[in-house]
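Residue numbers (the working numbering), protein chains in the order written: chain S, 212 to 693; chain R, 212 to 693. The C-beta atom is built at its ideal place from N, Cα and C for all residues, glycine as well. Reading through the structure tokens given below for one structure.
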């Protein structure tokens with residue numbers, strides 16, 4: 212969503228009484244430079260200015276920062292410093308494999324910057340994942356000095372009873388004073404109940420989204436959570452009037468983004484069988500479609516849990532979800548482990564960190580042979596050499612790069628996308644929102660009007676310009692509805 | 212939905228393990244004869260045949276049966292007998308005012324027919340409605356001989372804590388053996404949690420809808436409820452494979468009915484303020500639109516609670532929701548109680564039964580003057596004379612009426628609609644489902660193709676006419692997909 216579509220809601224969000232406002236992270240950063248021609252650092256500064264009373268929060272992929280590889284510690288430190296300097300307050304730090312060694316450096320960096328470090332446990336289901344295991348990880352995160360913990364359920368797999376059991380057990384093991392946040396998606400239709408149970412078990416904060424941007428693969432609705440607690444003895448600090456304003460604002464904006472919305476509008480409980488997050492399924496579908504094999508999605512869905520087992524049961528979250536999903540596609544298309552992606556080989560060889568389960572020794576050998584490297588057991592970032600100076604000189608050579616640390620970090624995160632963004636940045640932000648009537652026409656396969664305006668008497672479809680080649684001659688033609 | 216679109220799912224529904232299948236009632240009966248040219252009694256017989264192992268369930272408006280007025284006891288008895296004879300097992304009987312006297316006759320009729328009588332408590336919120344009051348009503352229903360009780364939350368107002376408190380209190384007062392069903396709509400996004408709390412309090416059965424027809428103003432998704440209970444010690448009797456088949460069937464059918472779907476796709480918590488069910492709001496909106504006053508909906512929403520107070524705080528459910536809603540529209544358009552609808556006058560004068568609260572004496576006097584009748588305190592149906600013979604002779608005179616008791620009852624329920632239905636019945640059922648691509652094009656407001664047909668090879672879009680301006684000259688051009 213374009214920044215300009217969020218600005219009018221900021222004053223109400225700032226006054227609403229949220230514990231924090233999650234407003235920045237990998238996907239928004241990526242969308243800013245890839246699609247919106249918007250500087251993500253400037254976006255953060257605007258949020259900071261418009262929400263002076265709010266804790267701004269981001270999701271940080273620990274040693275991966277906002278990218279898809281491990282960064283050397285110096286880059287991690289610098290990223291955290293710069294995010295803090297530009298206005299970030301709360302860093303929710305997670306590692307896709309729940310490898311505590313990968314969380315260490317970034318959490319320390321957040322502490323050094325004087326900001327709130329929230330250590331994150333990625334929730335997943337496997338024969339090896341237990342309440343006791345999650346409690347162990349919680350203890351380690353507390354020992355690292357985290358200011359709070361987050362139980363992160365990125366795939367909407369957290370059912371009410373485990374939600375209760377895990378939160379209760381962590382509170383018992385780490386102390387009631389340890390702050391626990393619970394983050395659930397709504398996809399499966401059970402997690403509103405999981406939030407209730409987590410609250411009963413002592414969770415201090417739960418994540419929601421304003422109702423007009425909630426549900427489907429998103430989060431549970433804020434207003435419903437407020438109402439749900441009525442009479443239970445639990446309350447939120449939210450101002451209903453403010454959140455109504457926020458709701459109404461985004462209810463008006465949402466239709467402009469119809470073409471970007473998920474197909475999942477109701478609930479999808481198949482996820483409990485496949486344990487594959489919704490976004491991952493659509494990724495795999497588009498990979499298969501590119502190879503003319505869209506009809507093989509069911510085989511891929513069955514293959515994913517097998518690949519996950521081979522890899523030692525990693526949680527499925529960026530980047531492990533993409534790595535496992537792509538390998539599953541490869542296995543179905545080309546035969547089991549006939550070709551390994553470079554990333555999957557790295558995952559097998561420990562270059563993303565440790566997994567809870569052992570990895571399949573045969574596939575591990577294949578990975579080693581293909582990648583021409585040995586498995587490692589150390590913290591992956593220990594293998595990396597300082598890279599800041601190279602990143603700086605590479606970035607600075609790009610047209611439009613302003614030489615700031617922020618620009619170098621943008622390049623470091625997205626080396627493929629940043630060059631084009633630097634070159635076009637001066638053109639200013641693009642808003643990809645569209646008048647809903649236009650979008651509906653497009654999706655129906657009908658001709659798209661060049662522009663549609665509303666003059667108060669209902670939408671007026673503007674004339675459309677076509678180049679028409681007719682008998683070998685090209686001519687410009689203007690078309691309007693009769 | 213046309214019967215033919217439900218038939219393929221019946222075998223799986225029958226095997227799925229549901230306690231009962233609600234498949235008949237006022238709205239489906241009405242839709243059958245008004246829109247689908249389908250005999251609702253024949254529909255019931257088909258369900259009976261296709262689901263031999265299932266309890267078929269209906270919602271019965273007690274003395275109102277499936278209509279909007281009180282029927283004389285003889286008609287009530289006959290309706291229940293005929294419904295039982297044609298295959299109905301479970302009669303969920305409610306009165307819009309929770310007046311136990313209105314429930315008496317129909318519950319007795321169900322018992323006499325040897326069927327399951329479920330006495331219903333309509334849940335609402337007002338300064339006068341208390342847990343103790345609901346418990347009192349529960350006791351009275353048990354004393355009437357009900358086989359089970361239903362707590363019916365038609366507006367999605369039942370929050371988790373009251374759900375727990377009411378079910379718990381009823382079980383304590385009436386005994387754990389008294390079977391309690393909980394019926395919630397999903398509109399406000401809190402009631403999945405309310406179902407969990409009701410189950411914890413001892414509810415024996417909760418209502419859901421298959422996920423592909425769930426949420427919005429409908430019910431919570433069946434599959435999510437099954438998953439929600441995992442590990443809690445509570446289970447359902449459902450077969451996941453069967454319900455997956457049911458889900459997939461209706462997921463494929465649903466898009467054909469896109470034009471009939473509610474605009475509420477997410478959640479709507481404003482209902483907690485206005486306490487107005489979603490369907491009632493859309494009714495009032497269309498009434499206002501007919502009078503060119505669509506912009507006055509907010510005034511009407513504020514007026515509804517005032518009218519409800521004047522009328523003694525009836526629950527808002529058919530027919531009281533329509534009566535209160537229409538009077539609120541009249542008050543806004545013409546001034547407070549300048550004109551009373553006949554139905555509102557009757558409500559004030561006790562012709563629908565007793566309300567929990569006292570009625571406003573001034574408005575009551577207006578009602579009495581306008582309707583030229585006195586307020587009553589007796590059971591409304593006690594005022595009615597036997598009417599079966601008249602109904603029979605009136606119905607039998609209609610072209611196409613087959614003279615059966617079923618036809619007489621159809622006429623009795625819907626005297627305005629039945630004559631046309633009897634006349635056209637021989638033409639057979641109409642299916643109003645449409646190819647989704649047709650609906651999308653039409654609703655987008657784009658140039659509408661003259662016709663779209665499906666010849667079995669996918670939809671065929673008919674030519675579109677454009678005015679084309681070309682080299683300054685305007686010409687009419689016909690365009691069709693190449």
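Using a C-beta cutoff of 8 Å, does residue 372 of chain S count as contacting chain R? yes
4-residue-minimum alpha helix (DSSP H) runs that sit fully inside the stretch 381-441 of chain S, ordered along the chain: 402-411 and 433-439
Scan the stretch 417-428 of chain S for residues whose Cβ lies nearer than 8 Å to a Cβ of chain R and list them as they occur along the chain. 422, 423, 425 and 426
Would you say the stretch 617-626 of chain R touches the stretch 288-306 of chain R, given that touching needs at least three Cβ pairs under 8 Å? yes
Contact residues within the stretch 401-418 of chain R, judged by C-beta distance below 7 Å to chain S: 401, 403, 404 and 407
From residue 656 of chain R to residue 375 of chain R, what does the alpha carbon distance come to, in whole angstroms? Note that residue 656 of chain R has pLDDT 39, beneath the 50 cutoff, so the model's placement of it is unreliable and no number is given.
For residue 265 of chain S, the nearest candidate out of S:642, S:560, S:622 and S:299 (CA to CA): S:299
Residue 218 of chain R burial status per 10 Å Cβ neighbour count (16 or more: buried): exposed
Return the chain-ordered list of same chain residues with a C-beta closer than 6 Å to the C-beta of residue 417 of chain S, the five sequence neighbours on each side being excluded. 393 and 406
Check the Cβ-Cβ distances between residue 378 of chain R and every residue of chain S, and say whether any is below 8 Å. no
Between the stretch 433-444 of chain S and chain R, which residues of the former have CB atoms less than 7 Å from a CB of the latter, in chain order? 434, 435, 438, 439, 441, 442 and 443
By how many angstroms is the C-alpha of residue 630 of chain S removed from the C-alpha of residue 248 of chain S? 12 Å
Starting from residue 478 of chain R, find everything on chain S with Cβ-Cβ shorter than 8 Å and list it in chain order. 422, 425, 426, 432, 434 and 435
Near residue 440 of chain S, which residues of its chain fall below 7 Å by C-beta distance, leaving aside the five closest residues on each side in sequence? 446 and 447
What are the boundary residues of the alpha helix (DSSP H) that residue 576 of chain S is part of? 572-582
Rounded to whole angstroms, what's the CA-CA distance from residue 222 of chain R to residue 645 of chain R? Just pull it up for me. 24 Å
Listed in chain order, which residues of the stretch 477-509 of chain S have Cβ atoms closer than 7 Å to some Cβ of chain R? 477, 478, 480 and 483
I need the boundaries of the beta strand (DSSP E) containing residue 612 of chain S, first residue and last residue. Note, residue 612 of chain S: premise wrong, no beta strand (DSSP E); not H, not E.
Since residue 399 of chain S meets chain R, which of its residues come closer than 7 Å, beta carbon to beta carbon? 435 and 438
Going by the DSSP bridge assignment, what does residue 332 of chain R pair with across the sheet? R:362
CB-CB under 6 Å to residue 379 of chain R, same chain, minus the five flanking residues each way: which ones, in chain order? 412
From R:433, R:544 and R:518, pick the residue whose C-alpha is nearest to that of residue 534 of chain R; which is it? R:518
Sheet register partners of residue 269 of chain R (DSSP bridge): R:235 and R:302
Unbroken alpha helix (DSSP H) run spanning residue 485 of chain S, endpoints: 482-485
Would a C-beta distance cut-off of 8 Å place residue 556 of chain R and residue 511 of chain R closer than the cut-off? no
Straight-line CA distance for residue 319 of chain R to residue 313 of chain R? 11 Å
Closest to residue 239 of chain S by CA distance: which of S:625, S:637, S:524 and S:647 is it? S:625
Pair every Cβ in the stretch 393-402 of chain S with every Cβ in the stretch 514-533 of chain S, then say whether three or more of these pairs are closer than 8 Å. no
If I'm right that residue 330 of chain R touches residue 355 of chain R with Cβ under 8 Å, what's the distance once you round it to whole angstroms? 6 Å
Cross-strand partners of residue 327 of chain S (DSSP beta bridge): S:301
Residue 629 of chain S lies in the alpha helix (DSSP H); which residues open and close that run? 629-635
Going along the chain, which residues of its own chain have a beta-carbon closer than 7 Å to the beta-carbon of residue 423 of chain S, five neighbours each way excluded? 458, 461, 462 and 465
Buried or exposed: residue 237 of chain R, going by 16 or more other Cβ atoms within 10 Å of its Cβ? buried
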